[in-house]
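Below you'll find the structure, written out as C-alpha cells, and then a few comments.
There are 2 protein chains.
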Amino acid sequence: MMEVIEEKKFDKINSPNSVGLVETKYYTFAYPPKKLVLDSGVEFGPITVSYETYGELNYKKDNGILVFHALSGDAHAAGYNKIDDPKPGWWDNMIGPQKPFDTNKYFVICANVLGGCKGTTGPSSINPETKKYYGLDFPEITINDMVKVQKELIDYLKIEKLFCVAGGSMGGMLALQWIKSYPEKAEAAIIIATTPEHSAQQIAFNSIGRYAIISDPNWNNGNYYCSGNKPTTGLSVARMIGHITYLSEEAMHKKFGREYINSLKKNFSNTNKLIIKPSEIEKPIENGLNQEKKANFKKEFEVENYLHYQSESFIKRFDPNSYLYITKAIDNFNISKGYNNLATALKNVKAKCLVISFSSDWLYPKEQSLKIVKALKINNIDTTYVNLLTPYGHDSFLIDDEKFKSVVKGFLQSIRRN
Amino acid sequence: MMEVIEEKKFDKINSPNSVGLVETKYYTFAYPPKKLVLDSGVEFGPITVSYETYGELNYKKDNGILVFHALSGDAHAAGYNKIDDPKPGWWDNMIGPQKPFDTNKYFVICANVLGGCKGTTGPSSINPETKKYYGLDFPEITINDMVKVQKELIDYLKIEKLFCVAGGSMGGMLALQWIKSYPEKAEAAIIIATTPEHSAQQIAFNSIGRYAIISDPNWNNGNYYCSGNKPTTGLSVARMIGHITYLSEEAMHKKFGREYINSLKKNFSNTNKLIIKPSEIEKPIENGLNQEKKANFKKEFEVENYLHYQSESFIKRFDPNSYLYITKAIDNFNISKGYNNLATALKNVKAKCLVISFSSDWLYPKEQSLKIVKALKINNIDTTYVNLLTPYGHDSFLIDDEKFKSVVKGFLQSIRRN
C-alpha cells in the first residue's frame, strides 16, 4: 500500500507535463553602501530575492519569461518542492512541458515580491543591522519597487531582454510597470485581470482588511514575531473579504448555495436544496446545557465553512505585515502618476501586449482592462485584447481553463513567429 | 446669532413637508404565561416594541401603512425626536405631508424589529426573569418572528387591515413575509431592493461581519454589557464591509476617487486627480521620530476615512449582538422554505404588489427582485415591477430621488382609486 502511494507521488512529479521537482533559489544584492533606492527615496538593502526557474535559458538568452505572482502568491509557480507536496505551484497549469509557458521552449522565472514573506526580504525578515525583525521598520514600498528588485534578478541571470513578462491581478500591475519602466527589456507582455489603478471600491476592500489586521490586539504595531501571537483574526478577516471578491457571485452560489453544514446534510445529500428549519440545525452541547434555544453564531452555512477553512490555511502561510505592505502598494499603484493620462504614461512601451479580462470578474471588471488597451492602442502598440467568458470570477486566471490556456499559448507562438 | 440658529431648528421642524416633532412609543405584550411562540418553538416574552406613527388613523381604520426598516434602522422613520436632532428619521424623504407616504392621507407606522437595539426587546434588553442582560440567552429569531411581533402591534392599534406594507432590503423581506403570513392584512405591498433568499455571496458578506464581531476579544461570548468594553472593532469591520456593498462602485468612485486625505489636498482642491507620491504624504510624528520612512497603515485614502467615520458613528448607536441576531435572521430567511418553489410559497398572497430594484444595486441585483415578480405573476397577483436607473447602489431606496418617490406615490394613488 505504501509503495502504491509512493509510486503515485512519483507519477505526479514524473508526469511528462510537469516541471517535476524544483528548488527555490536565492539571490542577495544591494549590500551596503550601494543600496537600492526605493520610490520613497529610502535607500534599502541588502535584499534577498527568492525565485524559481523552469526550463533552460537558451544560448541567445532570449527565451526568458518572467511571471509575476498576485497578492498572496510566491516564487513557487510550478512543480513540486518536495515529493510529498499535496499541491504543485500556483501556476502549474500554465507552466510546464507543452503548457502555455512551455518549458521545452522557454526559461520561466518567478520571484517572490519585495515585501513578501516567502523568501524575499519583507517585514518578517531580520534586519541585518539591528538583528531584529523589520516589522514596521520595513520601508514603504511600491509596485515599481517590486519591479526594480526583479530587474536586479534578471540582470543577475544575465538576461538582456526577456521574451515575455506576464501576470494576473497584482502580477498584471507588475507586468504593466515592467514594460513601462524597461521598454527595451521585454519582447511581449501578458497583462491579466488587472487595472492601471485601483478604484475607490478596490481600495475600500483592501482597506478593511488592513483595518482588521491593525485592530487585532496581537498586531502590536507590527511587533508580533517574538510574541508567539500573530494577529491571525485580523488576517483571517482580510483573507475572507478577499475571497469573496475573487469569486463570482454565480460560482459561489453554484459551489455552496444556501446549504447548511451539519450531520443532517448527509441524509439529504441527494437534494440540491435542503429544507431545514434553523431549529433543526444540530447545535453543540456546551457546558452540559442544551443549546437548542440559543443562537449559534459559529460556522453554519457551507460558504461560511469554506471561508473559514480557506482563511485558516492562509494565516499559517502568510505574514500579516506583508499583507499590509503589499495591499498598500497595490492601492497606491497608479501607472499614470506624474503623467497627464494613461496613454502618455505608456507612450514609451515597446512590448507587444496581450490584455485579458474575464467576464465574471467583478473585482477587476473589463472596463479597467479596456483602459489599458485603449492607452496602448493610442500609442500604436501591437495589442491584443480578449475578454474571456468564464464563470469563476477574478480567480479565473488561476483556474485550469482551456480557452485561457489556448489564448496565452497562441499569443506566445505568434510573437515567436514574428 | 443663537436666535437665528434656534429659528432654523424650528424652520426644519415646522416645514410644511415635515411630520415635525415625533415621539417614540412603546407597547409591551406576550406577558407570561401567554408568551409569543417563535419559529424555533421557543416561547418568549414579555416583548416591548418601540414604534412611531405619523399622520392620523382615519375613522374606517383603512389608511394604515406599516413601513419596515433595514438591518441598521429603527422605529424613527420620519421627523425629529428632539428639536436639536441634526438629522430627521431614516425615511423622512418618503414620509410626510405631500410626500409619497403622505401623512395627510395615511397613518404611517414604523416599529423597531425584534432583536433590535432601539427600544424593541433584543439581546441588549434586560431579561425580567433574571434581571440580567439577555446577551446570547436571547433566543434565535427569524424574519417571520419579527413580522409576528409587528402583527401584535397592528392588532393593538386596532387596525384590521393595513392599506400598505413597505420596506427596502431587510424591510422588503418583512414586507414579503407579511403578505405571505397575513394575506388578509394588507391591501398593497411595496417590496424594494430585496430577495426571496440570500445567495451564497450575500451570506458570505454577513458572515465575515459576524466573524469579526465574535472574534473581537471584547465580545466575550456576548457578555459585554457590564464590562464597559463593547466589541467595537468587530462591529466596525462588519459595518465597513456592509457599507461597501451598499454603494455602487460608480457612486463610491465619484464620491472619493483615489484622493488621499492630507493637508496637500487643500492646495490641489481644484484638480480632480491628485498627483502625490506616497513619500509626499503627510505622516504623523510619533515618539519624536520622523515617520516619513515608515509605512503608514492608518487612514490615508478619502474612502478609508469615510468608512472609518461611518463605522465610528455606527458603533455608538448599534449593539453588536443585535447585529449578529439580525444578520443571522436575514441569512436564514428563505420565503420558499417548506414549499416546492417560490410561486407555491406565495400562492395565497392577496396584496397588490409593487416590486422595485435599482440598476446599480449589486448587493441585491434585479434578478432577485425578478424572481419575486415572476412568482407573484404566476399566481395572477396584481404586480408592478420597476427597475430604477440610479447610480447610488443598494442605498438608492434611502436617497431622496424624484423617480423613486414618484413611482411609490403613483402606485399608492392607483391602489386608492381602485
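Top line first, the protein sequences correspond to chains L and E.
Each residue of the first sequence is one higher than the one before, counting from 1 in the numbering used here.
Each residue of the second sequence is one higher than the one before, counting from 1001 in the numbering used here.
We put the CB at the ideal spot given by N, CA and C, even for glycine.
These figures come from a predicted structure and were not determined experimentally.
Cβ-based contacts, 9 Å cut-off: residues of the segment 140-170 of chain L near chain E: Against chain E - using a Cβ distance shorter than 9 Å - the residues of the segment 140-170 of chain L are Glu140, Ile141 and Thr142.
Near-chain E residues of the segment 301-312 of chain L - C-beta to any C-beta below 7 Å: Here the close residues are Phe301, Val303, Glu304 and Leu307.
Cβ shell of Lys180 of chain L (< 8 Å), same chain only, five flanking positions each side left out: The beta carbon of Lys180 of chain L is closer than 8 Å to those of Ile335, Ala345, Leu346, Asn348 and Val349 in its chain, skipping five residues each way along the sequence.
The segment 53-73 of chain L touching the segment 104-112 of chain L, judged by at least three CB pairs closer than 8 Å: With contact defined as three or more Cβ pairs closer than 8 Å, the segment 53-73 of chain L and the segment 104-112 of chain L are in contact.
Integer Cβ distance of Ile356 of chain L from Val303 of chain L, believed to fall under 8 Å: In fact, because the Cβ distance is near 28 Å, the residues do not count as touching under 8 Å.
Nearest-angstrom beta carbon gap, Asn387 of chain L and Lys366 of chain L [assumed within contact, 8 Å]: Yes, they are in contact, since the Cβ atoms of Lys366 of chain L and Asn387 of chain L sit about 5 Å apart, within 8 Å.
Residues that Asn387 of chain L contacts on chain E, provided the C-beta gap is smaller than 7 Å: Simply none; closest approach about 18 Å.
Same chain only: Cβ atoms within 7 Å of Thr245 of chain L, ignoring 5 sequence neighbours per side: Excluding positions up to five away in sequence, the list reads Phe205, Leu363 and His394.
Range of the contiguous alpha helix (DSSP H) that encloses Ser236 of chain L: Ser236 of chain L: member of the alpha helix (DSSP H) spanning Thr232 to Tyr246, first to last residue.
Rounded C-alpha distance that separates Glu1312 of chain E from Lys1377 of chain E: Their Cα atoms are separated by approximately 44 Å.
When E:Ile1203, E:Val1037, E:Lys1034 and E:Trp1091 are compared against Asn1017 of chain E, the one with the closest alpha-carbon: Closest by C-alpha distance to Asn1017 of chain E, out of E:Ile1203, E:Val1037, E:Lys1034 and E:Trp1091, is E:Trp1091.
Min CB distance Thr233 of chain L to chain E below 7 Å: Among the residues facing chain E, Thr233 of chain L is included, as its CB has a counterpart in that chain under 7 Å away.
Rounded straight-line distance, which links the Cα of Lys1352 of chain E to that of Ser1414 of chain E: One C-alpha to the other measures close to 10 Å.
Members of the segment 1311-1342 of chain E near chain L, C-beta cut-off 8 Å: Residues Leu1324, Tyr1325, Lys1328, Asp1331, Asn1332, Asn1334, Lys1337 and Gly1338.
Alpha-carbon spacing of Ser360 of chain L relative to Glu249 of chain L, whole angstroms: In a straight line, the C-alpha of Ser360 of chain L is about 8 Å away from that of Glu249 of chain L.
Closest by C-alpha distance to Asn1063 of chain E, when choosing among E:Glu1197, E:Cys1164, E:Val1237 and E:Ile1315: It is E:Cys1164.
Distance, Ile1154 of chain E Cα to Lys1012 of chain E Cα: Each residue's alpha carbon lies about 30 Å from the other.
Neighbour-count burial assignment, Gln1201 of chain E, 16 or more Cβ in a 10 Å radius: Classification of Gln1201 of chain E: buried, given that the 10 Å Cβ count is 16 or more.
Nearest to Glu1259 of chain E (by Cα), restricted to the options L:Glu184, L:Asp382, L:His308 and L:Glu197: Residue L:Glu197 is the option with its Cα nearest to Glu1259 of chain E.
Reduced DSSP secondary structure (H/G/I, E/B, other) of Ser419 of chain L: Chain L is shown from 1 up to 418; residue 419 of chain L falls before or after that span and cannot be answered.
Where the beta strand (DSSP E) through Glu187 of chain L begins and ends: In the DSSP annotation of this structure, the continuous segment of the beta strand (DSSP E) that includes Glu187 of chain L starts and ends at Ala186 to Ile192.
The segment 1318-1327 of chain E in contact with the segment 1224-1239 of chain E per 3-pair CB rule at 8 Å: By the criterion of at least three beta-carbon pairs nearer than 8 Å, the segment 1318-1327 of chain E is in contact with the segment 1224-1239 of chain E.
Where Pro196 of chain L meets chain E, residues with beta-carbon distance less than 9 Å: Neighbours of Pro196 of chain L on chain E: none; closest Cβ ~11 Å, over 9 Å.
Collapsed DSSP secondary structure at Glu23 of chain L in the structure displayed: Three-state DSSP puts Glu23 of chain L in coil, outside helix and strand.
Asn157 of chain L (DSSP reduced to helix, strand or coil): First, the amino acid is wrong: residue 157 of chain L is Leu here, not Asn. The answer is coil: DSSP assigns Leu157 of chain L none of H, G, I, E or B.
Rounded separation between Tyr1392 of chain E and Asp1401 of chain E - CA only: Between Tyr1392 of chain E and Asp1401 of chain E, the C-alpha separation is close to 10 Å.
Coarse secondary structure for Tyr133 of chain L, derived from DSSP in three states: Correct three-state label for Tyr133 of chain L: strand.
Nonlocal neighbours in the same chain, by C-beta distance under 7 Å from Lys266 of chain L, ignoring five residues either side: Note that Lys266 of chain L has pLDDT 35, beneath the 50 cutoff, so the model's placement of it is unreliable and no number is given.
Sequence-distant residues of its chain with Cβ nearer than 7 Å to Leu66 of chain L (five each side left out): Once the five neighbours on either side are set aside, the close Cβ partners of Leu66 of chain L are Ile109, Gln150, Ile154, Leu162 and Val165.
Distance, Asp85 of chain L Cα to Leu1370 of chain E Cα: Taking the straight line joining both Cα atoms gives about 47 Å.
Neighbour flag for Ala1204 of chain E against chain L, beta carbons, 7 Å: Chain L has a Cβ within less than 7 Å of the Cβ of Ala1204 of chain E.
Chain E within 7 Å of Phe107 of chain L, Cβ atoms only: No, Phe107 of chain L does not count as interfacial toward chain E.
Where Thr327 of chain L falls: helix, strand or coil (DSSP): In the three-state DSSP reduction, Thr327 of chain L falls in the helix class (H, G or I).
Beta carbon proximity, Phe256 of chain L to chain E, threshold 7 Å: Yes, because at least one Cβ of chain E sits closer than 7 Å to the Cβ of Phe256 of chain L.
Supposed contact pair Gly222 of chain L and Gly135 of chain L - C-beta distance, whole angstroms, cut 8 Å: Indeed, because the Cβ distance is near 4 Å, the residues count as touching under 8 Å.
Nearest residue (CA-CA) to Gly1122 of chain E, options E:Phe1138, E:Lys1328, E:Glu1129 and E:Gln1177: If we check each option's Cα against that of Gly1122 of chain E, E:Phe1138 comes out closest.
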